[in-house]
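Asks:
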Amino acid sequence: MHISEGVLSAPVLAGGAVLAVAGIAVGLRKLEGEALVRTGVLSAAFFAASLVHLPIGPSSIHLVLSGLMGAMLGFAAFPAIFVGLLLQALLFQFGGLTVLGVNAVVMGLPAVICGLAARPLLSRSGPAFAVGAFACGALSILGSLTLLYLALVLSGDALSVFAGLFFWAHLALMGIEGAITLVILGFLKRMRPELF
Amino acid sequence: MSGQCAQEAQPGLDPRSRLLCALGLCVAVAVCRSWPAALAGLGFGAACLALNSGRWGALARRLALVNVFFLGLIATVPLAVPGDPLLRLGSLAFTREGLMLALHMTAKGNAIFLIFWGLVQPLSPPRLGSALSALGVPDKLCLILSLTFRYLDLMRHEWDRLVTAARLRGFTPGTSRRAWGTYGLLLALLFMRAMDKSAAIHQAMICRGFDGRFRSLGGLRWRAVDTALGVAACAGIVLVAVLERGSA
């Protein structure tokens, strides 16, 4: 879920960069020792998972899993997502240097908020856990799509049609991400109950 | 950074100069509003290609992929900008002003892509990490970058191994609830193994004297050619500013 270079206005780019620096600073603040190493290795696992193409009819999709990152890493999801985006720009040229901040905020902010908000529900069992896990994955995507829409519209009315089309075309991802996040978190809760 | 043991400076441009010049030029082109500045950006991009060693086929593929996004803009932006209609689609007008704006964004996007391809794409992630560390980026972020790159291949192999094991047990990929449930469980296993591995990696790092600080073995050296690149980039940024002012 990237915005390409050359599209956003200077104030949006600057605002995204400032928010990204703040998000990274908060994410790194309490990250020490094993938690730091776990963030790096999990970031690699999330990156690898995002490269997996899952078949859907005659086509395929790739997962974002930002809500799951927020649930597993908390505030550390922000620097992990930033690093993932930086590597994507370097290895595949998706995104770039000037939009890195905006893209990190678009993906990272909803991930952290949804992950932290869902934790009370994830610590319970039964339907409450299922609702929390599904909502964490689904609302994180909704948050990212909303922020992406705002970033485009705030850059000028000219992008309003494109922003609207992008938003509605990706809305179905909410259900897919919610369901996959529910399956993954459900399995992790059974196998590693101490995580939640 | 992993995969880089030599302390000696590597030949060629210092990654810090590449990164700083790319950042300066990309920001200048990204915020410009005039056609002369965008065209100058395309010129900078073309010039920067000389600093990447070949790989023209890969460049063409990436450029095509980048422009798929801009085709979407060219199709939609003229519908949202009022002006002289070139084409009418029912009540919607496809305007000349909108088309020019979309083409301007396309020119800027391509210019920034070419600058990035010429200056930053040749850097390996370890070199990028060394440069970021030397430029004052926090150690913890550099360490996460280093670990992510170091274990990315391992995680991809782990995923391939999990899928192969599932296929040997009769798993058929497809669009069904069962297949997607299996994918979810395989991904959960991948994350579980990543967590287990991270604990072992941390222990191994402590055994080798890790104290929480990131130490780069980058071997960076700023040479005259880096200064020349910096001067050229500054001249480019000034040119963009002058062209912007001239068009205002």
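In the order they appear, the protein sequences are chains E and G.
Quick note on numbering: my numbering labels position 108 of the first sequence as 91, and the sequence is numbered without any gaps.
Quick note on numbering: my numbering labels position 84 of the second sequence as 86, and the sequence is numbered without any gaps.
The beta-carbon is built from N, C-alpha and C at its ideal position, and this holds for glycine as well.
Express the C-alpha separation of residue 61/E and residue 11/E in angstroms, rounding to a whole number.
Replies: Position 28 of the first sequence holds residue 11/E. Position 78 of the first sequence holds residue 61/E. Roughly 9 Å separates the two Cα atoms.
Asks: I'd like to know if residue 157/G contacts chain E, where contact means its C-beta is closer than 8 Å to some C-beta of that chain.
Replies: On the second sequence, residue 157/G is found 155 positions in, with the first residue counted as 1. Output row for residue 157/G: interface = yes.
Asks: For residue 71/E, which option in -6/E, -3/E and 86/E has the closest C-alpha, if you only look at C-alpha atoms?
Replies: Here residue 71/E is taken as the residue at index 88 of the first sequence, counted from 1. Minimum Cα distance to residue 71/E is reached at 86/E.
Asks: Tell me whether residue 42/E sits in a helix, a strand or coil according to DSSP, three-state version.
Replies: Your numbering for residue 42/E matches position 59 in the first sequence. If DSSP states are grouped into helix, strand and coil, residue 42/E belongs with the strands.
Asks: Taking the DSSP output, what are the residues bridged to residue 36/E?
Replies: Here residue 36/E refers to the residue found at position 53 when the first sequence is read from its first residue. Answer is 45/E.
Asks: Taking Cβ to Cβ, would you say residue 233/G is nearer than 8 Å to residue 31/G?
Replies: For the purposes of this step, residue 233/G is taken as the residue at position 231 of the second sequence. For the purposes of this step, residue 31/G is taken as the residue at position 29 of the second sequence. Going by C-beta atoms, residue 233/G is not nearer than 8 Å to residue 31/G.
Asks: Which residues, in order along the segment 21 to 32 of chain G, keep a beta-carbon less than 7 Å from a beta-carbon of chain E?
Replies: For the segment 21 to 32 of chain G, which is checked against every Cβ of chain E, the residues closer than 7 Å are 24, 25, 28, 29 and 32.
Asks: How long is the line joining the alpha carbons of residue 115/G and residue 139/G, rounded to whole angstroms?
Replies: Start at 1 with the first residue of the second sequence, and residue 115/G comes out as number 113. Start at 1 with the first residue of the second sequence, and residue 139/G comes out as number 137. Roughly 23 Å separates the two Cα atoms.
Asks: Would the segment 45 to 57 of chain G and the segment 117 to 130 of chain G be scored as touching if the rule is three or more Cβ pairs under 8 Å?
Replies: Yes: at least three Cβ pairs fall under 8 Å.
Asks: Would DSSP call residue 5/G helix, strand or coil?
Replies: The sequence position of residue 5/G within the second sequence is 3, counting from 1. In this predicted model, residue 5/G has a pLDDT of only 43, less than 50, meaning its place in the structure is not dependable; the value taken from the coordinates is given anyway. DSSP places residue 5/G in coil when its eight states are reduced to three.
Asks: Between residue 144/E and residue 95/G, is the Cβ-Cβ spacing less than 8 Å?
Replies: Here the question's residue 144/E lines up with position 161 in the first sequence. Here the question's residue 95/G lines up with position 93 in the second sequence. No, Cβ-Cβ distance for residue 144/E and residue 95/G is not below 8 Å.
Asks: With a cut-off of 8 Å, do at least 3 Cβ pairs link the segment 132 to 146 of chain E to the segment 12 to 32 of chain E?
Replies: Taking 8 Å as the limit for Cβ pairs, the verdict is that the segment 12 to 32 of chain E does not touch the segment 132 to 146 of chain E.
Asks: Any Cβ of chain G within less than 8 Å of the Cβ of residue 44/E?
Replies: Translated into positions along the first sequence, residue 44/E becomes position 61. By this cut-off, residue 44/E is not an interface position.
Asks: Going by Cα to Cα distance, which pick from 69/G, 150/G, 152/G and 184/G is closest to residue 165/G?
Replies: Taking the first residue of the second sequence as 1, we reach residue 165/G at position 163. The shortest Cα separation from residue 165/G among 69/G, 150/G, 152/G and 184/G belongs to 184/G.
Asks: Going by alpha carbons, who is nearest to residue 39/E out of 75/G, 179/G, 172/G and 46/G?
Replies: Translated into positions along the first sequence, residue 39/E becomes position 56. Closest option to residue 39/E, Cα to Cα, is 179/G.
Asks: So who's on the other strand from residue 81/E, going by DSSP bridges?
Replies: Against the first sequence, residue 81/E aligns to sequence position 98. Residue 81/E is not bridged to any residue.
Asks: If you follow the alpha helix (DSSP H) that residue 178/E is in, where does it begin and where does it stop?
Replies: The count along the first sequence starts at 1 and reaches residue 178/E at position 195. Taken as a continuous stretch (DSSP letters only), residue 178/E belongs to no alpha helix (DSSP H), as it is neither H nor E.
Asks: Which full runs of the beta strand (DSSP E) of 3+ residues lie inside the segment 75 to 108 of chain G, going along the chain?
Replies: Qualifying beta strand (DSSP E) stretches, in chain order: 87 to 91 and 94 to 97.
Asks: Helix, strand or coil: which one does DSSP assign to residue 112/G?
Replies: By 1-based counting over the second sequence, the position of residue 112/G is 110. If DSSP states are grouped into helix, strand and coil, residue 112/G belongs with the helices.
Asks: For residue 58/G, which of 211/G, 124/G and 151/G has the nearest alpha-carbon?
Replies: The residue you call residue 58/G lines up with position 56 of the second sequence. Looking at the Cα atoms, 124/G is the closest of the given residues.
Asks: Can you list the residues of chain E that residue 103/G reaches, using a CB-CB cut of under 7 Å?
Replies: For the purposes of this step, residue 103/G is taken as residue 101 along the second sequence, with counting starting at 1. Residues of chain E passing the Cβ test: 141.
Asks: Go ahead and label residue 75/E buried or exposed: buried means 16 or more other beta carbons lie within 10 angstroms of its beta carbon, across all protein chains shown.
Replies: Here residue 75/E is taken as the residue at index 92 of the first sequence, counted from 1. The residue in question, residue 75/E, is exposed, as its Cβ has fewer than 16 Cβ neighbours within 10 Å.
Asks: Rounding to the nearest angstrom, what Cα-Cα distance links residue 112/G and residue 121/E in this structure?
Replies: Within the second sequence, residue 112/G is the residue found at index 110, counting from 1. Within the first sequence, residue 121/E is the residue found at index 138, counting from 1. Those two C-alpha atoms are separated by around 33 Å.
Asks: Starting from the Cα of residue -11/E, find the closest Cα among 144/G, 108/G and 60/G and give me that residue.
Replies: Translated into the one-based positions of the first sequence, residue -11/E becomes position 6. Checking every option, the nearest Cα to that of residue -11/E belongs to 108/G.
Asks: Chain E beta carbons: is any one of them nearer than 8 Å to that of residue 171/G?
Replies: Position 169 of the second sequence, counted from the first residue, corresponds to residue 171/G. With 8 Å as the cut-off, residue 171/G does not count as an interface residue toward chain E.
Asks: What does the alpha-carbon distance come out to for the pair residue 186/G and residue 167/E?
Replies: Position 184 of the second sequence holds residue 186/G. Position 184 of the first sequence holds residue 167/E. C-alpha separation (whole angstroms): 5 Å.
Asks: Is the Cβ of residue 106/E closer than 8 Å to any Cβ of chain G?
Replies: Your numbering for residue 106/E matches position 123 in the first sequence. No, its Cβ sits nowhere closer than 8 Å to a Cβ of chain G.
Asks: CA-CA distance, residue 58/E and residue 9/E?
Replies: Position 75 of the first sequence holds residue 58/E. Position 26 of the first sequence holds residue 9/E. Roughly 7 Å separates the two Cα atoms.
Asks: Helix, strand or coil: which one does DSSP assign to residue 65/G?
Replies: Walking along the second sequence from the start, residue 65/G turns up at place 63. Here residue 65/G sits in helix by DSSP.
Asks: Between residue 163/G and residue 94/E, what straight-line distance do the alpha-carbon atoms span, to the nearest angstrom?
Replies: Numbered from its first residue, the second sequence carries residue 163/G at position 161. Numbered from its first residue, the first sequence carries residue 94/E at position 111. Cα-Cα distance, rounded: 28 Å.
Asks: For a contact defined as C-beta to C-beta under 7 Å, what are the partners of residue 21/E on chain G?
Replies: Within the first sequence, numbered from 1, the residue matching residue 21/E stands at position 38. Per Cβ cutoff of 7 Å: 197 and 200.
Asks: Are the CB atoms of residue 43/E and residue 51/E nearer to each other than 8 Å?
Replies: For this step, residue 43/E is matched to residue 60 along the first sequence. For this step, residue 51/E is matched to residue 68 along the first sequence. In this structure, residue 51/E does not lie closer than 8 Å to residue 43/E by Cβ.
Asks: As a quick exercise: from 161/G, 71/G and 60/G, pick the residue whose alpha carbon is nearest that of residue 148/E.
Replies: On the first sequence, position 165 is the one that residue 148/E refers to. Minimum Cα distance to residue 148/E is reached at 71/G.
Asks: Rounded to the nearest angstrom, what separates residue 208/G and residue 17/E at their Cα positions?
Replies: Reading the second sequence from its first residue, position 206 is the one you call residue 208/G. Reading the first sequence from its first residue, position 34 is the one you call residue 17/E. For residue 208/G and residue 17/E, the distance between alpha carbons rounds to 10 Å.
Asks: Please report the Cβ distance between residue 105/G and residue 146/G, rounded to the nearest whole angstrom; I am assuming they are in contact, meaning their Cβ atoms lie under 8 Å.
Replies: Counting from 1 along the second sequence, the entry for residue 105/G is found at position 103. Counting from 1 along the second sequence, the entry for residue 146/G is found at position 144. So it is not a contact: roughly 39 Å between Cβ atoms.
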